[in-house]
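Shown next, in structure tokens, is the structure this report addresses.
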Amino acid sequence: MNAFGTGAFPAYRPRRLRQSGPLRALVRETRLSAEQLVLPLFVRSGTQLRRPIAAMPGVFQLSIDELLHEANAAHAAGVPAVLLFGIPDAKDALASGAYSPQGIVQQAVRALKRELPRLLVITDVCLCEYMAHGHCGIVHHDAAGARILNDPSLQLLARAALSHAEAGADIVAPSDMMDGRVRAIRAALDEGGFVDTPILSYAAKFASAFYGPFREAAESAPQFGDRRSYQMDAANAAEALREVALDLQEGADMVMVKPGLAYLDILHRVKTEFGYPTAAYAVSGEYSMVKAAAANGWIDERAVTLESLLAMRRAGADFIITYAAADAARWLKEG
Ligand code: PBG
Numbered sequence: 019m020n021a022f023g024t025g026a027f028p029a030y031r032p033r034r035l036r037q038s039g040p041l042r043a044l045v046r047e048t049r050l051s052a053e054q055l056v057l058p059l060f061v062r063s064g065t066q067l068r069r070p071i072a073a074m075p076g077v078f079q080l081s082i083d084e085l086l087h088e089a090n091a092a093h094a095a096g097v098p099a100v101l102l103f104g105i106p107d108a109k110d111a112l113a114s115g116a117y118s119p120q121g122i123v124q125q126a127v128r129a130l131k132r133e134l135p136r137l138l139v140i141t142d143v144c145l146c147e148y149m150a151h152g153h154c155g156i157v158h159h160d161a162a163g164a165r166i167l168n169d170p171s172l173q174l175l176a177r178a179a180l181s182h183a184e185a186g187a188d189i190v191a192p193s194d195m196m197d198g199r200v201r202a203i204r205a206a207l208d209e210g211g212f213v214d215t216p217i218l219s220y221a222a223k224f225a226s227a228f229y230g231p232f233r234e235a236a237e238s239a240p241q242f243g244d245r246r247s248y249q250m251d252a253a254n255a256a257e258a259l260r261e262v263a264l265d266l267q268e269g270a271d272m273v274m275v276k277p278g279l280a281y282l283d284i285l286h287r288v289k290t291e292f293g294y295p296t297a298a299y300a301v302s303g304e305y306s307m308v309k310a311a312a313a314n315g316w317i318d319e320r321a322v323t324l325e326s327l328l329a330m331r332r333a334g335a336d337f338i339i340t341y342a343a344a345d346a347a348r349w350l351k352e353g
């Protein structure tokens, strides 16, 4: 028989299985649940600080006390993990704040693990928030202009990841896109005695205009140039598979595709090709667009958000990093 019923069997009528909610649920192929969501949080020094991000309604730069409230509320709603970004008091040319034991992320990790030990703490490992120039690696200026140096940056990234593990991070997530950073981080973790700390690598991270609002949130906009010499060209899919293969060879335990919605083809290929735990990152611009349209009454925020997250699951994401994690978890509970 074929799907159009031209064989010896009765016609296949797809609508038979769409007649009621319970029937549709019975044959549903993909599910979205709160335990697949990760909430990114921005932390900076201070107390009782909730500094709003203009382009991301509902997202704040938080002092550690407020971070604990926010993390606790998300955890209570069913979100199992947070992804931490730090905004340091001072920036320099060697990103010292990224690997200082007294750095803002290191302090926040210790506080989170003390107050909410069952919440998974993932740390973003990058240098851009801590560099005066806002790039993700060490910058070298010469007659030809400025270059982002690859290999010298690896040592700083490895130090940052190790300092996060020492503070108690459950998972480290390098987002810098330097070549070889997963190998360098794995070696540093192993040497430091953290053989069981997993690496979630931002393996296929594209140079994307969808990161715009994030750079206000993390205060990490490059002061000159752009990130196209290290993040991927939006046109490339085969190269994304090579990036993922490299990171897995270097010891990544999980891989990420970023951004989310505009890169579902990449997500699908990464999941089917490698079969490793795969994350999607629904980035700041995706969140801002939904918020802006919803504020105008043009779309249904809840329905659009849940449909977008489901689409990432259908494409192959095992879990999703989203600024809407706590809201989505509550909506999913309401049913
Ligand atoms: C740091 C980093 C960025 C994002 C995650 N980690 C910014 C960038 O690469 O410019 C973007 C996240 C978002 O837009 O939500 N390198």
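Those letters in the sequence shown? Residues 19 to 353, per my numbering, in order.
Where a beta carbon is used, it is the ideal one built from N, C-alpha and C, also for glycine.
{"Asked": "For residue 233, tell me which candidate among 302, 242 and 309 has the shortest Cα-Cα distance.", "Found": "302"}
{"Asked": "Decide if residue 48 is buried, meaning its Cβ has at least 16 other Cβ atoms within 10 Å, or exposed.", "Found": "exposed"}
{"Asked": "Within the continuous beta strand (DSSP E) that includes residue 232, where are the two ends?", "Found": "Segment 230-235 is the alpha helix (DSSP H) holding residue 232; no beta strand (DSSP E) there."}
{"Asked": "Could you check the C-alpha separation between residue 189 and residue 162 for me, to the nearest Å?", "Found": "39 Å"}
{"Asked": "For residue 77, name the three-state secondary structure that DSSP assigns.", "Found": "coil"}
{"Asked": "Taking 7 Å as the cut-off, does the CB of residue 142 come closer than this to any heavy atom belonging to ligand 1?", "Found": "yes"}
{"Asked": "When the Cα atoms are used, what is the spatial distance from residue 194 to residue 154?", "Found": "5 Å"}
{"Asked": "Measure the C-alpha to C-alpha separation of residue 220 and residue 315 and round it to an integer number of angstroms.", "Found": "34 Å"}
{"Asked": "Could you say which of 141, 282, 324 and 318 lies nearest to residue 218 if we only look at CA atoms?", "Found": "141"}
{"Asked": "Between the Cα of residue 226 and those of 185, 256, 252 and 290, spot the shortest distance and give me the residue it belongs to.", "Found": "252"}
{"Asked": "Can we count residue 139 as close to ligand 1, meaning its CB is less than 7 Å from some heavy atom?", "Found": "no"}
{"Asked": "Quick one: using the 10 Å Cβ neighbour count with 16 as the cut-off for buried, is residue 171 buried or exposed?", "Found": "buried"}
{"Asked": "In whole angstroms, what separates the C-alpha of residue 169 from that of residue 204?", "Found": "15 Å"}
{"Asked": "Using 7 Å as the cut-off, classify the Cβ of residue 56 as near or not near the heavy atoms of ligand 1, replying yes or no.", "Found": "no"}
{"Asked": "For residue 235, tell me which candidate among 83, 106 and 91 has the shortest Cα-Cα distance.", "Found": "106"}
{"Asked": "Let's see if you can read the secondary structure: which residues bound the beta strand (DSSP E) around residue 274?", "Found": "272-276"}
{"Asked": "So, at 7 Å on beta carbons, what are the nonlocal neighbours of residue 147 in its own chain, with the 5 sequence-adjacent residues on each side left out?", "Found": "103, 104, 105, 106, 236, 237 and 238"}
{"Asked": "Just reading off the beta strand (DSSP E) that residue 190 is part of, what are its end residues?", "Found": "189-192"}
{"Asked": "Can you check which of these residues, 38, 76 and 56, is closest to residue 335 by C-alpha distance?", "Found": "56"}
{"Asked": "Could you tell me how far apart the beta carbons of residue 39 and residue 351 are, in whole angstroms, since I believe they sit closer than 8 Å?", "Found": "Actually they are not in contact, since the Cβ atoms of residue 39 and residue 351 sit about 17 Å apart, beyond 8 Å."}
{"Asked": "Could you tell me which whole alpha helix (DSSP H) segments of length 4 or greater appear in the region 142-210?", "Found": "169-185 and 199-209"}
{"Asked": "Is it buried or exposed, residue 211, if we count other Cβ atoms within 10 angstroms and call 16 or more buried?", "Found": "exposed"}
{"Asked": "Taking all protein chains shown into account, do 16 or more other C-beta atoms lie within 10 angstroms of the C-beta of residue 368, making it buried, or fewer, making it exposed?", "Found": "Nothing can be reported for residue 368: it is not among the residues displayed for the chain, which extend from 19 to 353."}
{"Asked": "Please list the terminal residues of the continuous beta strand (DSSP E) segment that includes residue 70.", "Found": "68-70"}
{"Asked": "Could you tell me the distance, in whole angstroms, from the CA atom of residue 310 to the CA atom of residue 294?", "Found": "35 Å"}
{"Asked": "Quick check on the burial criterion: 16 or more other C-beta atoms within 10 angstroms. Buried or exposed for residue 327?", "Found": "buried"}
{"Asked": "Tell me whether the beta-carbon of residue 143 lies closer than 8 Å to the beta-carbon of residue 178.", "Found": "yes"}
{"Asked": "Measuring CB to CB, does residue 223 end up less than 8 Å from residue 250?", "Found": "yes"}
{"Asked": "Does the beta-carbon of residue 301, which I'm using as the reference point, lie nearer than 7 Å to any heavy atom of ligand 1?", "Found": "yes"}
{"Asked": "Mapping the DSSP letters down to three states, classify residue 104 as helix, strand or coil.", "Found": "strand"}
{"Asked": "Examine the Cβ distances between the region 252-264 and the region 115-125 and report whether three or more of them are shorter than 8 Å.", "Found": "no"}
{"Asked": "What I want to know is whether the C-beta of residue 233 ends up closer than 7 Å to one or more non-hydrogen atoms of ligand 1.", "Found": "yes"}
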